[in-house]
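Inspection log for the structure reproduced underneath, given as structure tokens.
2 protein chains.
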Amino acid sequence: MAYSLSSVSFNINQLKNSCASCNLHALCLPMGMSQHDLEQLDEIIQTKRRVHAGETLYHAGEPFHAIYAVRSGFFKSLLGSQEGREQVIAFHMSGEIMGMDGIASDTYMCDTVALEDSEVCLIQYHHLENILQSCNSIQHHFHKLMSREIMRDQNVMMLLGSMRADERLAVFLLNLSLRYSARGFSRHEFYLRMSRSDIASYLGLKIETISRIFSSFQAEGYLEVHQKHVIIKSLEKLQELLHQE
Amino acid sequence: MAYSLSSVSFNINQLKNSCASCNLHALCLPMGMSQHDLEQLDEIIQTKRRVHAGETLYHAGEPFHAIYAVRSGFFKSLLGSQEGREQVIAFHMSGEIMGMDGIASDTYMCDTVALEDSEVCLIQYHHLENILQSCNSIQHHFHKLMSREIMRDQNVMMLLGSMRADERLAVFLLNLSLRYSARGFSRHEFYLRMSRSDIASYLGLKIETISRIFSSFQAEGYLEVHQKHVIIKSLEKLQELLHQE
DNA sequence: CGACACCTTGATCTTTGTCAACATGTGTGG
DNA sequence: CCACACATGTTGACAAAGATCAAGGTGTCG
Numbered sequence: 164m165a166y167s168l169s170s171v172s173f174n175i176n177q178l179k180n181s182c183a184s185c186n187l188h189a190l191c192l193p194m195g196m197s198q199h200d201l202e203q204l205d206e207i208i209q210t211k212r213r214v215h216a217g218e219t220l221y222h223a224g225e226p227f228h229a230i231y232a233v234r235s236g237f238f239k240s241l242l243g244s245q246e247g248r249e250q251v252i253a254f255h256m257s258g259e260i261m262g263m264d265g266i267a268s269d270t271y272m273c274d275t276v277a278l279e280d281s282e283v284c285l286i287q288y289h290h291l292e293n294i295l296q297s298c299n300s301i302q303h304h305f306h307k308l309m310s311r312e313i314m315r316d317q318n319v320m321m322l323l324g325s326m327r328a329d330e331r332l333a334v335f336l337l338n339l340s341l342r343y344s345a346r347g348f349s350r351h352e353f354y355l356r357m358s359r360s361d362i363a364s365y366l367g368l369k370i371e372t373i374s375r376i377f378s379s380f381q382a383e384g385y386l387e388v389h390q391k392h393v394i395i396k397s398l399e400k401l402q403e404l405l406h407q408e
Numbered sequence: 164m165a166y167s168l169s170s171v172s173f174n175i176n177q178l179k180n181s182c183a184s185c186n187l188h189a190l191c192l193p194m195g196m197s198q199h200d201l202e203q204l205d206e207i208i209q210t211k212r213r214v215h216a217g218e219t220l221y222h223a224g225e226p227f228h229a230i231y232a233v234r235s236g237f238f239k240s241l242l243g244s245q246e247g248r249e250q251v252i253a254f255h256m257s258g259e260i261m262g263m264d265g266i267a268s269d270t271y272m273c274d275t276v277a278l279e280d281s282e283v284c285l286i287q288y289h290h291l292e293n294i295l296q297s298c299n300s301i302q303h304h305f306h307k308l309m310s311r312e313i314m315r316d317q318n319v320m321m322l323l324g325s326m327r328a329d330e331r332l333a334v335f336l337l338n339l340s341l342r343y344s345a346r347g348f349s350r351h352e353f354y355l356r357m358s359r360s361d362i363a364s365y366l367g368l369k370i371e372t373i374s375r376i377f378s379s380f381q382a383e384g385y386l387e388v389h390q391k392h393v394i395i396k397s398l399e400k401l402q403e404l405l406h407q408e
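If you read the sequences in order, they're chains A and B.
In short: position in the first sequence from 1, add 163, done, that's the numbering used here.
In short: position in the second sequence from 1, add 163, done, that's the numbering used here.
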């Protein structure tokens, strides 16, 4: 079974050390950016960092100094509390920005962990602020990125606050499908990089519930699951799940 | 019964049209801001707007052009979905910023409604971006504000994803207590500006559940409730609720 | 091949939601 | 200023969704 998606995946070795030549360009940067602006960005994004699967990129409580763009790979962010609660609050894939929660208090608020071997662009925050000062379009783009993060979180609040378990999983899968397809992968077939327990935590459910709903979706013919490999048979039916009360 | 807190509340009429003289200064603006910076800010924050109780400040879908600082009063923000779901995603009190979710797509994402007669400072977004370009400290402060919004939302995700109903209400009340006390009001005694159904929606619960938990908290002697008037008898006991598993 | 982590499934229990009745509060018009 | 109507909040009985507990299955990696 040729489950491998690697033929379409980003080959790190081919990537030059430049935003202009990065194939995540369209995801990560504003449209119609001038050559000059791109050069400015390249100046601060010299540092790449490899993160192995299971390795933590930054820990909650660590002093904040940089944000990260996912170049390749997959991450999860975990928020802990004094009472020992722990919850997955986000999954990040290529072209997405991590660490913006650290700006508020000069301290990262969550742990961010690679779920597979990954590479990130390290963006020194004080350098970034300098660039933003001189370049209006980058500044505006950065604000959009932060605002998009707020939107994303608010949509998750909605999901957690008002949806049933099966709806939550459907939304989760549809969202992954959308994000994979935006990156040139199939919107019908992909690998889950995270464990069932990560999904459960993210969706505010228990792992057994996730397992059961996967089974029931499969029984209904909405999808096929073989461990982490998901084939969505009918995106429409998954969507209908949300509309029917 | 003299429940009135108006003796401590901000008297709008006394406020001058200036950030420098605004008594929300400490909540809203960065510490140690220079006179020059303040003057710059005052330039873009000339517009105040009164919003009557029940009135909508901005609607989801409206073109985004400004963010708002609450000068006085109390707001809620509602996120709707295609499927007709609707959820309260935030309550805003004086000194807090509203509308930053609109930056991402040049469109407000939620409805924001005054829960009592209120006044806001309107901050034209393109003016703000201009100022940020020229003033590093204001730029940094603005980023902190957006980042704080992200933190807040992530904490709500945690609450919705991993806490029991009574824990959610306890966190909600403790959070209000904290915010009131930061504004010079009693941390033990305050009015809820929102309805039970707003609270329920925000906490991802049903109104009957809220009602029951208020009753049980009262039975336990944690607090006294008379409609919207809350007297917290023991902040400690409410906090302990969270620690005991 | 075996150990271990991860996942699935079933039986049962708990928490919260639902439905219904009633109480209380608020605002309006007589 | 009272009476009524309507919105809002409370309480109880019951139902349902999801959690918990327990057992067993499957895959992965040394």
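Where is the CB? At the ideal position from N, CA and C, for every residue including glycine.
None of the values given here were measured: they were computed from a predicted structure.
Local conformation of residue 208 of chain A per DSSP, three classes
As a first step, residue 208 of chain A is located in the first sequence; it is residue number 45 there, counting from the start. Of the three classes helix, strand and coil, the one that applies to residue 208 of chain A here is coil, per DSSP.
Quick one: which unbroken beta strand (DSSP E) runs of 3-plus residues sit fully inside the region 198-270 of chain B? Chain order, please.
Counting only runs of at least 3 residues, the region 198-270 of chain B fully encloses the following beta strand (DSSP E) elements, listed from N- to C-terminal order: 210-214, 219-221, 229-235, 237-243, 249-256.
Output yes or no for whether 8 Å exceeds the beta carbon distance between residue 239 of chain A and residue 278 of chain A.
Taking the first sequence and counting its residues from 1, one reaches residue 239 of chain A at position 76. Taking the first sequence and counting its residues from 1, one reaches residue 278 of chain A at position 115. Residue 278 of chain A sits close to residue 239 of chain A, with the two beta carbons spaced by under 8 Å.
If I measure Cβ to Cβ from residue 224 of chain B and keep anything under 8 Å in the same chain, skipping five residues before and after, which residues do I get?
Numbered from 1 along the second sequence, position 61 holds the residue referred to as residue 224 of chain B. Around residue 224 of chain B: 270, 271.
For the alpha helix (DSSP H) containing residue 288 of chain A, name the first residue and the last one.
Here residue 288 of chain A refers to the residue found at position 125 of the first sequence. Per DSSP, residue 288 of chain A belongs to the alpha helix (DSSP H) from 288-297.
Nearest candidate by alpha-carbon position, reference residue 267 of chain B, set B:309, B:319, B:318:
Position 104 of the second sequence, counted from the start, is the residue given in the question as residue 267 of chain B. The candidate whose alpha carbon is nearest that of residue 267 of chain B is B:309.
Apply the 10 Å Cβ neighbour rule to residue 289 of chain A and answer buried if 16 or more other Cβ atoms are within range, or exposed otherwise.
Residue numbering aside, residue 289 of chain A sits at position 126 when the first sequence is read from its first letter. So residue 289 of chain A ends up on the exposed side.
For the region 390-403 of chain B, list every residue whose C-beta sits within 8 Å of some C-beta in chain A, in sequence order.
The residues in question: there are none.
Could you check the C-alpha separation between residue 229 of chain B and residue 394 of chain B for me, to the nearest Å?
Locating residue 229 of chain B in the second sequence gives position 66, counting from the first residue. Locating residue 394 of chain B in the second sequence gives position 231, counting from the first residue. Roughly 37 Å between the two C-alpha positions.
Let's test the definition: count the other Cβ atoms within 10 Å of the Cβ of residue 384 of chain B and tell me whether it reaches 16, buried, or not, exposed.
Here residue 384 of chain B refers to the residue found at position 221 when the second sequence is read from its first residue. The residue in question, residue 384 of chain B, is exposed, as its Cβ has fewer than 16 Cβ neighbours within 10 Å.
Residue 372 of chain A versus residue 235 of chain A: straight-line alpha-carbon distance, rounded
Start at 1 with the first residue of the first sequence, and residue 372 of chain A comes out as number 209. Start at 1 with the first residue of the first sequence, and residue 235 of chain A comes out as number 72. Cα-Cα distance, rounded: 30 Å.
Secondary structure of residue 405 of chain A, DSSP reduced to three states:
Here residue 405 of chain A refers to the residue found at position 242 when the first sequence is read from its first residue. Secondary structure at residue 405 of chain A: helix, using DSSP grouped into helix, strand and coil.
Where DSSP assigns a beta bridge to residue 273 of chain B, which residues make up the other side?
Counting from one through the second sequence, the residue named residue 273 of chain B turns up at place 110. In the DSSP output, where bridge partners are listed per residue, residue 273 of chain B has none listed.
Cα-Cα separation between residue 306 of chain B and residue 256 of chain A, rounded to whole angstroms:
Counting from one through the second sequence, the residue named residue 306 of chain B turns up at place 143. Counting from one through the first sequence, the residue named residue 256 of chain A turns up at place 93. CA-to-CA, the gap between residue 306 of chain B and residue 256 of chain A works out to about 23 Å.
Go ahead and pull the three-state DSSP assignment for residue 354 of chain A.
Translated into positions along the first sequence, residue 354 of chain A becomes position 191. Residue 354 of chain A falls in the strand class under three-state DSSP.
Residues within the region 247-261 of chain B neighbouring chain A, beta-carbon criterion of under 9 Å
The residues in question are 247, 248, 249, 250, 251, 252, 253.
Whose CA, out of B:274, B:181, B:355, B:280, lies closest to the CA of residue 215 of chain B?
Along the second sequence, one-based indexing puts residue 215 of chain B at 52. That would be B:280, whose Cα lies nearest to the Cα of residue 215 of chain B.
Quick one: which chain B residues come within Cβ less than 7 Å of residue 295 of chain A?
If you number the first sequence from 1, residue 295 of chain A lands on position 132. What residue 295 of chain A touches in chain B, judged by beta-carbon distance under 7 Å, is 302, going in chain order.
Can you confirm whether residue 196 of chain A, when its beta carbon is compared against all beta carbons of chain B, has any partner nearer than 8 Å?
As a working mapping, residue 196 of chain A is identified with position 33 in the first sequence. Residue contact check for residue 196 of chain A against chain B: no CB pair falls below 8 Å.
Could you check if residue 406 of chain B belongs to the surroundings of the ligand ATP, using beta carbon to heavy atom distance under 7 Å?
No copy of the ligand ATP occurs in the structure displayed, which carries no ligand at all.
If the cut-off is 8 Å on Cβ atoms, which residues from the region 351-375 of chain A count as contacting chain B, listed in chain order?
Sequence-ordered contacts of the region 351-375 of chain A with chain B read 364, 365, 366, 367 [C-beta pairs closer than 8 Å].
Could you tell me the alpha carbon to alpha carbon distance between residue 312 of chain A and residue 326 of chain A, rounded to whole angstroms?
Against the first sequence, residue 312 of chain A aligns to sequence position 149. Against the first sequence, residue 326 of chain A aligns to sequence position 163. Cα to Cα, residue 312 of chain A sits roughly 21 Å from residue 326 of chain A.
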